[in-house]
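Residue numbers (the working numbering): 165 to 566. Inspection log for the structure reproduced underneath, given as structure tokens.
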Amino acid sequence: MKTLDDLLGEGVSGRRVFVRADLNVPFDKNIPQGNAPVISDDGRARAVLPTLIALRDAGARVIVASHLGRPKGAPDPKYTLAPVAARLGELLGSSVVFAGDTVGPSAAAAVEDLQDGQVLLLENLRFNAGETSKDDAERGAFADQLAAFADYYVDDAFGAVHRKHASVHDVPARLPHYAGGLVLKEVEVLKKVSESPEQPYVVVLGGSKVSDKLAVIQALLPKVDKLLVGGGMCFTFLKAQGHEVGKSLLEAEMIDTCRSLLEQADGRIVLPVDVVAATEFSADADHSVVDIAEIPADRLGLDIGPKSVAIFAEAIGSAKTVFWNGPMGVFELAPFAAGTRGVAEAITKIDGFSVVGGGDSAAAVRTLGLDESAFGHISTGGGASLEYLEGKTLPGVAALEK
Ligand code: 3PG
Ligand code: MG
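Here it is as structure tokens:
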């Protein structure tokens with residue numbers, strides 16, 4: 165696999181370099197519609213800066229492309245990358261040209277006008293049906309348009325390497341391609357954690373759905389000493405143990421699967437013993453800590469409780485390797501943030517190596533104001549890091565290896 169350093173060594177001054185980045189940043193959900201959107205966590209934009217700066221400073225004409233959210237293959241102002249271009253410019257300390265489309269006349273003109281050492285951001289890749297199409301020819305046609313803009317391709321979008329999308333999988337087949345530093349670092353860390361984790365190895369999983377995490381649970385169970393489960397997904401496990409969970413999130417069709425995982429795990433899956441139960445999904449909702457045997461029928465659990473945090477923290481404290489993916493509760497709402505905060509703080513204190521697996525958990529670390537440097541590695545890819553740990557081939561990484 166060729167790397168960005170190889171490309172820089174070849175010399176890029178005056179050359180057009182297409183950089184696939186993952187600038188799929190979260191926005192503050194509390195800003196009323198009609199107001200300017202506010203990026204709530206720019207961690208993903210910061211993570212790709214070293215690559216952009218290196219190319220810019222080497223005199224390349226840098227064409228950056230990303231997706232944002234999940235628009236349906238056509239322009240949708242809700243998902244414009246315009247605010248991200250502005251933030252990227254602030255972070256780079258140099259202006260970023262923004263194209264009003266991805267491969268249309270605006271993009272073509274901006275690419276044409278691009279000067280040495282300038283950075284251009286194209287509009288959301290997913291405004292084009294070809295980006296995510298399952299049809300090879302449709303994806304290929306879009307990839308042809310993107311590839312025509314540049315001399316070289318650099319993938320530094322670790323968060324999207326698990327997607328067989330045109331900009332991830334098909335453009336590198338059309339241009340000399342290189343792995344960016346972020347992709348290299350992420351793969352190196354995940355390889356270490358999945359192939360040779362120092363024991364004890366404790367995995368903490370949260371988030372809303374068991375079905376999303378089933379494959380990774382199955383892949384990790386034989387390797388871990390403890391698997392701590394919180395977040396919305398814990399309620400399906402609790403139900404499988406015979407508890408009533410009130411109005412909490414429940415995947416009824418996964419109850420049997422959870423029961424068999426619990427049997428298979430032989431005590432290594434650790435569930436909460438108490439939760440914060442609320443009358444509704446709202447920061448103002450009436451709420452209290454209850455034992456898991458006493459979740460009221462008309463309430464829903466929105467965080468793990470303090471006894472659970474203590475149990476999880478003790479397990480984490482004994483670990484030499486911790487992998488964490490998924491918040492323990494609705495951390496965006498202050499009354500339900502303590503579980504995620506408690507677990508995250510416990511992870512910062514281990515005498516070992518910790519990995520925060522992307523997405524919401526990485527955003528939680530920063531939103532809760534925790535010290536990022538206290539973690540071994542904070543991934544920019546939620547789905548991507550889970551799929552890596554599942555042992556799947558990642559189309560974006562495979563494309564760079566070809
Ligand atoms: C993510 O946020 O998980 C990545 O940016 C990939 O986005 P996606 O899940 O919409 O493909
Ligand atoms: Mg995702």
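Just so you know, even glycine gets a beta-carbon here, dropped at the ideal spot from N, CA and C.
**Prompt:** Can you tell me where the alpha helix (DSSP H) with arginine 423 in it begins and where it stops?
**Reply:** Residues 419–429.
**Prompt:** Near alanine 200, what residues of its chain come up, given a Cβ to Cβ distance below 7 Å and the 5 sequence neighbours on each side ignored?
**Reply:** Nothing listed; no residue qualifies.
**Request:** Look up valine 367 in the DSSP assignment and give the residues it is bridged to.
**Result:** As a beta-bridge residue in DSSP terms, valine 367 pairs with Leu391 and Phe487.
**Prompt:** Which residue's Cα is closest to the Cα of threonine 215: Tyr243, Lys377, Leu369 and Val181?
**Reply:** Closest in C-alpha terms to threonine 215, from the list Tyr243, Lys377, Leu369 and Val181, comes Val181.
**Item:** Opening and closing residue of the beta strand (DSSP E) in which serine 358 lies
**Value:** No beta strand (DSSP E) holds serine 358; the alpha helix (DSSP H) holding it covers 345–359.
**Asked** Around the C-beta of phenylalanine 445, are 16 or more other C-beta atoms found within 10 angstroms, so that it is buried, or is it exposed?
**Response** Classification of phenylalanine 445: exposed, given that the 10 Å Cβ count is below 16.
**Request:** Look up leucine 384 in the DSSP assignment and say whether it is helix, strand or coil.
**Result:** Look at leucine 384 here: in three-state DSSP terms it is helix.
**Asked** Taking 7 Å as the cut-off, is the CB of glycine 264 close to at least one heavy atom of ligand 1?
**Response** Distances from the CB of glycine 264 to the heavy atoms of ligand 1 are all 7 Å or more.
**Unbroken stretches of the alpha helix (DSSP H), 4 residues or longer, contained in the stretch 247–302** = Segments of the alpha helix (DSSP H) lying fully in the stretch 247–302: 269–277 and 293–296.
**Message:** Just to confirm before moving on: does the CB-CB distance between isoleucine 480 and isoleucine 511 stay below 8 Å?
**Reply:** Judged by their CB atoms, isoleucine 480 and isoleucine 511 are nearer to each other than the 8 Å cut-off.
**Message:** Quick check: valine 519 and valine 353, are their CB atoms within less than 8 Å of each other?
**Reply:** Cβ atoms of valine 519 and valine 353: closer than 8 Å.
**For threonine 531, the residue or residues it bridges with in DSSP** = In the DSSP assignment, no residue is bridged to threonine 531.
**Message:** With H, G and I counted as helix, E and B as strand and the rest as coil, what does DSSP make of alanine 238?
**Reply:** Three-state result, alanine 238: coil.
**Asked** What separation, rounded to the nearest whole angstrom, lies between the Cα atoms of glycine 516 and alanine 311?
**Response** Rounded to the nearest angstrom, the two C-alpha atoms are 43 Å apart.
**Residue environment, lysine 390, which counts as buried when at least 16 other CB atoms sit within 10 Å** = Of the residues assessed, lysine 390 falls on the buried side of the cut-off, its CB having 16 or more other CB atoms within 10 angstroms.
**Prompt:** Between glutamate 350 and threonine 544, which are expected to be in contact by the criterion C-beta below 8 Å, what is the C-beta distance as a whole number of angstroms?
**Reply:** Contact holds; Cβ gap of about 7 Å.
**Asked** Are there three or more Cβ pairs, one per stretch, closer than 8 Å when the stretch 315–334 is compared with the stretch 232–242?
**Response** The answer is no - the stretch 232–242 does not touch the stretch 315–334, with fewer than three Cβ pairs under 8 Å.
**Message:** Do phenylalanine 476 and valine 507 count as a contact pair if the criterion is CB distance below 8 Å?
**Reply:** Yes, Cβ-Cβ distance for valine 507 and phenylalanine 476 is below 8 Å.
**Prompt:** Comparing the CB of asparagine 489 with every heavy atom of ligand 1, is any distance shorter than 7 Å?
**Reply:** It does not: the Cβ of asparagine 489 is nowhere closer than 7 Å to a heavy atom of ligand 1.
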